[in-house]
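For our numbering, add 770 to where a residue sits in the sequence shown, where the first one is 1.
Just so it is clear, CB atoms sit at the ideal spot from N, CA and C, and this is done for glycine as well.
Below is one structure, written out as structure tokens; the observations come after it.
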Amino acid sequence: MIEDTELHPDSTMTGAPDGDGASAAETGAPDLAAEIVRLTDEVVSLKDRLLRAAAETENVRRRLEREKTDASAYAVTGFARDILGVADNLARAVAALPADAPGFDAVKTGIAATERELTTVLGRHGVTRVVTDGAKLDPNRHQAMLEVETDAHEPGAIVAELQAGYTIKDRLLRPALVSVAKKADVAA
Numbered sequence: 771m772i773e774d775t776e777l778h779p780d781s782t783m784t785g786a787p788d789g790d791g792a793s794a795a796e797t798g799a800p801d802l803a804a805e806i807v808r809l810t811d812e813v814v815s816l817k818d819r820l821l822r823a824a825a826e827t828e829n830v831r832r833r834l835e836r837e838k839t840d841a842s843a844y845a846v847t848g849f850a851r852d853i854l855g856v857a858d859n860l861a862r863a864v865a866a867l868p869a870d871a872p873g874f875d876a877v878k879t880g881i882a883a884t885e886r887e888l889t890t891v892l893g894r895h896g897v898t899r900v901v902t903d904g905a906k907l908d909p910n911r912h913q914a915m916l917e918v919e920t921d922a923h924e925p926g927a928i929v930a931e932l933q934a935g936y937t938i939k940d941r942l943l944r945p946a947l948v949s950v951a952k953k954a955d956v957a958a
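Here you go:
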């Protein structure tokens, strides 16, 4: 029998790989499985990074769009602040002219017309006056300069406007300087 086996070595083979081939396939399978897991994890990580980068890009785009809109809406802010002094001076000029002096009627009318035109132009650019008549003090729009003891107004109500305040669109350009009522002290 030994001779038969030696003469025909192929006859004992069943077609299955020998021990060395089987162990190589078995050791290669875990390496492939580990590589698949590693690559799958890497794909998941890269997809996550891609989604985050896309979200960040969208956020930057939205922020830039908002900043662009704000820049165009509030572009005149510096100029408007500067011109408010002119509006104040026109109002002071109208108030300073004597009411009973006949020679100043035309001047007073001209200054008042100029003041109205300036207010109209400012309004076209979104600059509006802060309301103070009959209002309660709003620290977001008014700045209290004086407290006046009075029973004619409830405490916290605006008694007088010392300087006009203005907003541009929805932002405060300059607070209104006001005097505010406080409860009068009762003397004993």
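Endpoints, the alpha helix (DSSP H) within which residue i is located
i, result
"residue 911", "Careful: residue 911 lies outside any alpha helix (DSSP H) and carries neither H nor E."
"residue 878", "875-894"
"residue 864", "847-866"
Contacts around residue i, its chain only, beta-carbon distance under 6 Å, and the 5 residues preceding and following it disregarded
i, result
"residue 843", "939"
"residue 898", "937"
"residue 791", "With a pLDDT of only 48 at residue 791, under 50, the local geometry of the prediction cannot be trusted, and the value read off the model is given with reservation. Taken in chain order, the list of residues that qualify is empty."
"residue 857", "888"
"residue 781", "Residue placement at residue 781 is flagged as unreliable, the pLDDT there being 48, under the threshold of 50; the coordinate-derived value follows with that caveat. Excluding sequence neighbours, residue 781 sits near nothing in its chain."
"residue 933", "947"
Outcome for residue i when other beta-carbon atoms lying within 10 angstroms are tallied against a minimum of 16
i, result
"residue 935", "buried"
"residue 866", "exposed"
"residue 854", "buried"
"residue 834", "exposed"
"residue 802", "exposed"
"residue 881", "buried"
"residue 892", "buried"
"residue 902", "buried"
"residue 823", "exposed"
"residue 876", "exposed"
Cβ shell of residue i (< 7 Å), same chain only, five flanking positions each side left out
i, result
"residue 911", "900, 935, 942, 945 and 946"
"residue 905", "928"
"residue 921", "954"
Span of the beta strand (DSSP E) around residue i
i, result
"residue 952", "946-952"
"residue 844", "Note, residue 844: premise wrong, no beta strand (DSSP E); not H, not E."
"residue 920", "Where residue 920 is concerned, there is no enclosing beta strand (DSSP E), given that its DSSP letter is neither H nor E."
"residue 930", "928-933"
Same chain, Cβ closer than 8 Å to residue i, five either side skipped, listed in chain order
i, result
"residue 907", "914, 926, 927, 928, 948 and 950"
"residue 848", "none"
Residues bridged to residue i [DSSP beta-bridge criterion]
i, result
"residue 960", "The requested residue 960 does not occur in the structure, where the chain is confined to residues 771 to 958."
"residue 897", "938"
"residue 906", "927"
Residue i: CB within 7 Å of a non-hydrogen atom of the ligand PLP
i, result
"residue 841", "By its list of ligands, the structure shown contains no ligand whatsoever, and the ligand PLP lies outside what it can speak to."
Proximity test, Cβ basis, 8 Å: residue i and chain B
i, result
"residue 808", "This model lacks chain B altogether; it includes just one protein chain."
Validate contact between the region 843-862 and the region 879-894 using beta carbons, cut 8 Å, 3 pairs: Yes, they touch.
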